[in-house]
Amino acid sequence: VPQLQRSELERACEDFSNIVASHPYYTVYKGTLSSGVEITVVSTTIKSSKDWSKHSEDSFRKKIDSLSRINHKNFINLLGFCEEEEPFMRVMVFEYAPNGTLYENLHDEGFDHIDWRGRMRIIMGVAYCIQHMHELNPAKVHPDLHSSAIFLSEDSAAKIILECIQSDPMRRPSISEITTMLRETIAISPDAATPRLSPLWWAELEVLSPVEAR
């Protein structure tokens, strides 16, 4: 993925004034590049290299390497990153998902209702993405899949979730088997499960976790 300049991100995020979420360890901004592409910018709240440990730097680089390997239509893909020393900055730039999370769409007032066909399309998008992640070498496993971690694209295509709840891993079906069974049942292909209106794809927003930030 390309390394971006701070000046470009400043313009995109209106001098970093367009904050959409705050956390003790990171801040999330919404931005628009000069090309018109909407982006999500995730920046560490650490402002000095003195407070940025070698472990944090290693974790940041490993996450960039890991995310850059997951290129799937049902994943919020990493578009780039920015690292500067003065002023200190460590940033990851992701695709923007305009329709909020699956949880919001299912439970919050003011969001459009998702019919059952739409829900099945979301499920299949998640299943195809997980299958892709599991088939990577080495495999990438999502550590915490839930409806708040699934964002929806402009035409409400999905992102990532479907837990196989089975305590005995030897009896747990593989995601490939699950995807095959679901596809045979509801007849939604990978193309039908992916976004149609937007040129951007999306998926889970991964940022520095509290553990990794130390």
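1 is the number of the first residue of the sequence shown in full-length UniProt numbering; add one for each residue after it.
Just so it is clear, CB atoms sit at the ideal spot from N, CA and C, and this is done for glycine as well.
Bear in mind the structure is a predicted one, so any value in this text is a computation, not a measurement.
- If you draw a 10 Å sphere on the C-beta of V91, you find 16 or more other C-beta atoms in it, and that means buried.
- Contact between the segment 120-131 and the segment 144-158 is present, with at least three C-beta pairs closer than 8 angstroms.
- By the beta-carbon neighbour count (other beta carbons within 10 angstroms, threshold 16), A97 is buried.
- The C-beta of S7 has fewer than 16 other C-beta atoms within 10 Å across all chains shown, which makes the residue exposed.
- Going by beta carbons, S49 and L106 fall outside the 9 angstroms limit.
- Per DSSP, C129 is one residue of the alpha helix (DSSP H) stretching across W116 to H134.
- Secondary structure at A21: strand, using DSSP grouped into helix, strand and coil.
- Its chain contains N105 as the residues whose beta carbon lies nearer than 6 angstroms to that of I114, once the 5 sequence neighbours on both sides are disregarded; these appear in chain order.
- Cβ-Cβ separation between I64 and L78: approximately 7 angstroms, consistent with a contact (criterion under 8 angstroms).
- If the five residues before and after T101 are omitted, its C-beta is found closer than 7 angstroms to the C-beta atoms of S147, S148, I150 and F151, all from its own chain and listed in chain order.
- A straight-line Cα-Cα distance of about 10 angstroms links A21 and V41.
- Looking from the CA of Y26, the closest CA among H134, L67, N74 and W52 belongs to W52.
- In this structure, S34 lies near A12, with their beta-carbon atoms less than 9 angstroms apart.
- Residues of the same chain with a CB within less than 6 angstroms of the CB of H132, apart from the 5 flanking positions on each side, are H72 in chain order.
- The residues R6, in chain order, have a CB closer than 6 angstroms to that of E84 in the same chain once the five nearest residues on each side in sequence are set aside.
- The C-beta separation of I39 from E95 comes to about 7 angstroms, placing the pair in contact by the 8 angstroms criterion.
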